[in-house]
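J.: The structure's right below; bear with me while I get my questions together.
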Amino acid sequence: MASSDSVTTCLSPAVHYVICELGFEKKDIYDINNIVSENGQVCWQAITEHVCYLESDQSVDYIKSIRALGPVCESVNLHFKSLTKEKFAVQYALWFHWTNYAELFLEVFDVLQYAQSTEVALGLMKLTSCLERALGDVHLLIGKDCPFLLRDLLASEQLAVVFGQVVMDVLRIFVGSPCGLNLRNVLWHGFASPQEIPAKYCAMLLFLTAGLGQLLQTYLLQTKYVLVHRPYVTFIRLEDLDAFPDLNHETLSVAEELLQVSNFVLRTMLPFWMAALTAFKQSRYADCVILLLPQLEAGLRLLFTTTNKCPNRLLTAESSAFYTTFDEEHLIIKPLMNCASCYRSRFHPISRLKKQVLECMKSICLWHELPSVSEEHIQTVEGLEGNTEASTLVLKMAEIHSQLQQYLPCNCCSADDPMNTVATERLLLELCDRHICTLYSPRPVLEVVVVLRKISTQCHQVSEQVIASIKSRYQQWTEKTLRSRQRHNYLRMLNSIKFLSPVLQLILVLITLELVNVHLVCKKNPSDYHQYLKFLKSVLQYTENLVTYTSPEKNKWDETIQLTNKALLKIRKFSDRKLTLLQSAT
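Right, here's the structure in full:
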């Protein structure tokens, strides 16, 4: 971003003319005694008579009005410079109390005495911010909801009732309208450099604020209303905000050096950055933030315009176009934000888990298509005591599945056969089609997903091993190449898959239901989260043991019965305690 040195202004030619030149074209001199009385009473007639209107629709002619008001602003500025702080306080301090921060306006008066450009700009930012809030409080005297935008607030009927329409027109010439000086926006959005803000406009707004206080007092006396100020925002969890280390003198010195060479910092804006550092060193942290926020926006705008090769967007736009500000950037990316709300990543761990679950279920569905010997052969095996136990396990699984019925889509459940593979596959398809946010996943979410993926992987491995073993053993059976012990082991395997298929389906349903509600894990306290993770890892251990017992090397099919029985007891117990994420969602 080499352009940061070459930029001499962020004001477009038209805006630069309005702010820096237009109000200086008329050289008239006005007697301040015609504008304000000796005791500080503002003569609004002497100000409003300079407001010009368009003949076409009687709206404010901002160009003519700014040109006409220029000499008035100069007279007010010279008047303030002629006053001591004590004299200013006597004449005007009372009329700032309506803002609920009279001290600020006395500070701005001090700044005007020295006319240091950066301090004037800072004072103007603070003044306009305080004025906007105070006007919002006045609006609520007779209005219900305070407008969000300053331009809407200044154009409201409520303020026109209190202060008069022509007075509000005067105010809109200085702030709130992109057709006028728009001092608040060009400063707060980081467009104006310190030297581009005439001090006389700051003086005029200080003067107008006092005049508004006088008009408000008259209105309150007439109506018997009482002005109530809205409470300020209070940061109640300061320990959460205290996340950054303190900046020592050495760090601040390094920061000062970086500012001189950084391409993020516009050369014309460097005085703001240096003033922010000074404010920080003096523990004026609010001033530091006020100075930095507009410069953060200006720096990001420079980055945006450089990256997208649109240098003209670095400038203030005309009143008929958008500024490139945080507000506009938000408006531009709103469609993208809408896309993000329904975005479905293909490679996020959550998306990969969904894919794993469906692939595993497809593998299990293949079991019914595998060749097998007749049931009579299985019954003839001596010592096959697991037949009854296998049936018992299927019943236990059916009970657990029945507990889940209330959480499952009605169209995906089979009342007659809850562990039916077709119904289970349809259920998993619907669950995996549900949107789960993946744009940001806190650490607990990712930890849970990692375990769920491992469980799914082990289930798939079991299924693939069963398929491979059945195909291999059946071929050997038909070719009569199995020894006696191998035949018995093959028949035990066929008996075991009667419950292995349902238990794998049950586990897939469970982990998918947990996945759908996975973000609820963040609401668990540390103790419950630890117990939950421990439970998932016990299920993982069960599936890992299944992989071992069903491997060609082990072939421990009878042992899978006791293993499965213990796992089902753990699942049932944990479910009864209502500690699953699925149960947390209800």
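For the sequence shown, UniProt numbering assigns the number 586 to the last residue and increments by one with no breaks. The C-beta atom is built at its ideal place from N, Cα and C for all residues, glycine as well.
Quick check on DSSP: helix, strand or coil for M1?
T.: Any reading at M1 must be qualified, since the residue scores a pLDDT of 43, below 50, and its modelled position is unreliable; no value is offered.
J.: For C310 and Y17, I'd like the C-alpha separation in whole angstroms.
T.: 22 Å
J.: Whose C-beta lies closer than 7 Å to the C-beta of Y219 among residues of the same chain, with five residues either side of it excluded?
T.: V162
J.: Examine the Cβ distances between the segment 523 to 543 and the segment 463 to 481 and report whether three or more of them are shorter than 8 Å.
T.: no
J.: Taking DSSP as the reference, what is the three-state secondary structure of V265?
T.: coil
J.: Is it the case that the segment 197 to 204 contacts the segment 249 to 260, given that we only count it when at least three CB pairs across the two stretches are under 8 Å?
T.: no
J.: On a CA-only basis, which of S496, K556, R572 and Q41 is nearest residue 649? Give me that one, please.
T.: Residue 649 lies beyond the residue range present for the chain, which begins at 1 and ends at 586; the question has no answer from this structure.
J.: What runs of the alpha helix (DSSP H), each 4 residues or longer, lie entirely inside the segment 462 to 517?
T.: 484 to 516
J.: Ends of the alpha helix (DSSP H) at R352?
T.: P349 to C365
J.: In the DSSP assignment, what are the bridge partners of V53?
T.: The sequence given here places Tyr at residue 53; Val does not occur at that position. Looking at the DSSP assignment, Y53 forms a beta bridge with V60.
J.: Which partner residues does V42 have in the DSSP bridge list?
T.: V36
J.: Got a sec? Which residues, its chain only, sit under 6 Å from L563 by beta carbon, not counting five neighbours each side?
T.: N545
J.: Would you call L69 buried or exposed, if buried means 16 or more other Cβ atoms sit within 10 Å of its Cβ?
T.: buried
J.: Where do the N-terminal and C-terminal ends of the alpha helix (DSSP H) with P526 fall, by residue?
T.: P526 to Y549
J.: Can you give me the start and stop residues for the alpha helix (DSSP H) that S283 sits inside?
T.: Looking at the DSSP string, S283 is not in any alpha helix (DSSP H), and its letter there is neither H nor E.
J.: Return yes when the Cβ of V175 is within less than 9 Å of the Cβ of L154, no when it is not.
T.: yes
J.: What would DSSP say about K554, mapped onto helix, strand or coil?
T.: coil
J.: Is I290 helix, strand or coil when you go by DSSP?
T.: helix
J.: Around the Cβ of A567, are there at least 16 other Cβ atoms within 10 angstroms (buried) or fewer (exposed)?
T.: Only buried fits A567, as 16 or more other CB atoms lie within 10 angstroms of its CB.
J.: When burial is assigned at 16 or more other CB atoms within 10 Å of the CB, is H189 buried or exposed?
T.: buried
J.: Beta-carbon separation of residue 623 and F499 under 9 Å?
T.: The displayed coordinates of the chain run from 1 to 586. Any statement about residue 623 would go beyond what the structure contains.
J.: For Q116, name the three-state secondary structure that DSSP assigns.
T.: coil
J.: Counting beta carbon pairs with one atom in the segment 98 to 109 and one in the segment 178 to 192, are three or more of them shorter than 8 Å?
T.: no
J.: Do L247 and F272 count as a contact pair if the criterion is CB distance below 9 Å?
T.: no
J.: Less than 9 Å separating the beta-carbons of D452 and L300?
T.: Correcting the residue type first, residue 452 is Leu in the shown sequence and not Asp. Contact: no.
J.: Whole angstroms are fine: how far does the CA of T305 sit from the CA of Q260?
T.: 21 Å
J.: So what does DSSP say about Y17, is it helix, strand or coil?
T.: helix
J.: Which residues mark the beginning and the end of the alpha helix (DSSP H) in which Q195 is found?
T.: Note, Q195: premise wrong, no alpha helix (DSSP H); not H, not E.
J.: What distance in whole Å lies between the Cβ atoms of H50 and S37, which are believed to be in contact at a cut-off of 8 Å?
T.: Not confirmed; about 19 Å, so no contact.
J.: Looking only at C-alpha atoms, which of D145, N100 and S469 sits nearest to Y232?
T.: N100
J.: What's the C-alpha gap between Q195 and S117?
T.: 6 Å
J.: Output needed for T128: all residues of its chain with C-beta closer than 6 Å, excluding positions within five of it in sequence on either side, in chain order.
T.: V175 and R184
J.: Where does C146 fall in DSSP's three states?
T.: coil
J.: Can you tell me the Cα-Cα spacing of P409 and C365, whole angstroms?
T.: 21 Å
J.: Tell whether a beta-carbon distance below 9 Å holds between T316 and S193.
T.: 9 Å or more divides the Cβ of T316 from the Cβ of S193.
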